[in-house]
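Visitor: My questions will all concern the structure given below.
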Amino acid sequence: THSEVLIFEVIPADDFLQQQLQITAQDRVWHVKRVRYRKQKPMALEETWMPLALFPDLTWHGMENSKYHFIEEVKKMVIDRSEQEIIPLMPTEEMSRLLNISQTKPILEKVSRGYLVDGRVFEYSRNAFNTDDYKFTLIAQRKSSR
Numbered sequence: 206t207h208s209e210v211l212i213f214e215v216i217p218a219d220d221f222l223q224q225q226l227q228i229t230a231q232d233r234v235w236h237v238k239r240v241r242y243r244k245q246k247p248m249a250l251e252e253t254w255m256p257l258a259l260f261p262d263l264t265w266h267g268m269e270n271s272k273y274h275f276i277e278e279v280k281k282m283v284i285d286r287s288e289q290e291i292i293p294l295m296p297t298e299e300m301s302r303l304l305n306i307s308q309t310k311p312i313l314e315k316v317s318r319g320y321l322v323d324g325r326v327f328e329y330s331r332n333a334f335n336t337d338d339y340k341f342t343l344i345a346q347r348k349s350s351r
């Protein structure tokens, strides 16, 4: 898999991003939009925001590849978890064009927040998936009360 980076910029954190990333109004964030490909086929459109303070050395090249490789292998940070919501929606014109799908075909959007093992939020992202090639398997397991 690889990514085509469409937007790679540092922006001020608005109220919404401050809340999602647990940062202050003075903090700035990376805003990255990219299309994720598998075997040259567009699979997902990802828009992500990451605190600049955590990743001052993030690069365009790094985002053409795996951001998790950058976080774990380059930055040596330990990812704990991701909290996700999966939402069905109709694609926008941009989503339709970039994912090469019909605007009349519903897609799935995954909205997620990623946490490091120390509790810091390292990303807020929205991913729109081409449902022809992507499926989600959810497993719910109860912890034993013993």
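Our numbering applies: residue 206 is where the sequence shown begins, and numbers increase by one. All C-beta atoms in this analysis are idealised placements derived from N, C-alpha and C, irrespective of residue type, glycine included.
(1) Return the chain-ordered list of same chain residues with a C-beta closer than 7 Å to the C-beta of Pro217, the five sequence neighbours on each side being excluded.
(2) Return yes when the Cβ of Ile306 is within less than 8 Å of the Cβ of Asn332, no when it is not.
(3) May I have the straight-line CA-CA distance separating His274 from Ser349, to the nearest angstrom?
(4) So Leu303 packs on Pro261, CB below 8 Å; how close in whole Å?
(5) Let me check understanding here. Comparing Cα to Cα, which of Arg241, Ser287, Gln289, Arg286 lies closest to Met268?
(6) Would you give the residue range spanned by the alpha helix (DSSP H) that Phe221 belongs to?
(7) Tell me, to the nearest whole angstrom, how far the beta carbon of Met282 is from that of Ile276; I am working on the premise that it is less than 8 Å.
(8) Quick check: what's the CA-CA separation for Glu299 versus Leu321?
(9) Within its chain, find whatever has a CB closer than 6 Å to the CB of Ala249; leave out the 5 residues flanking it on each side and keep chain order.
(10) Residues in the same chain with beta-carbon distance under 7 Å from Asp192, minus the five sequence neighbours each way, listed in chain order, please.
(11) Less than 8 Å separating the beta-carbons of Pro256 and Ile228?
(12) Note down the Cα distance separating Lys272 from Arg347, rounded to an integer number of angstroms.
(13) For Leu222 and Tyr329, which I take to be in contact (beta-carbon distance under 8 Å), what is that distance rounded to the nearest angstrom?
(14) What is the residue span of the alpha helix (DSSP H) that Ser301 lies within?
(15) What residue range is occupied by the uninterrupted alpha helix (DSSP H) comprising Glu277?
Guide: Walking through what the data contain:
(1) Once the five neighbours on either side are set aside, the close Cβ partners of Pro217 are Arg233.
(2) no
(3) 34 Å
(4) Leu303 to Pro261, Cβ: 29 Å. No contact.
(5) Arg241
(6) 220-226
(7) 5 Å
(8) 31 Å
(9) Arg241, Asn332, Phe334
(10) Residue 192 is absent from the model: the chain starts at 206 and stops at 351.
(11) yes
(12) Near 31 Å, if we compare the C-alpha coordinates of Arg347 and Lys272.
(13) 7 Å
(14) From DSSP, the alpha helix (DSSP H) with Ser301 extends over 298-304.
(15) Taken as a continuous stretch (DSSP letters only), Glu277 belongs to no alpha helix (DSSP H), as it is neither H nor E.
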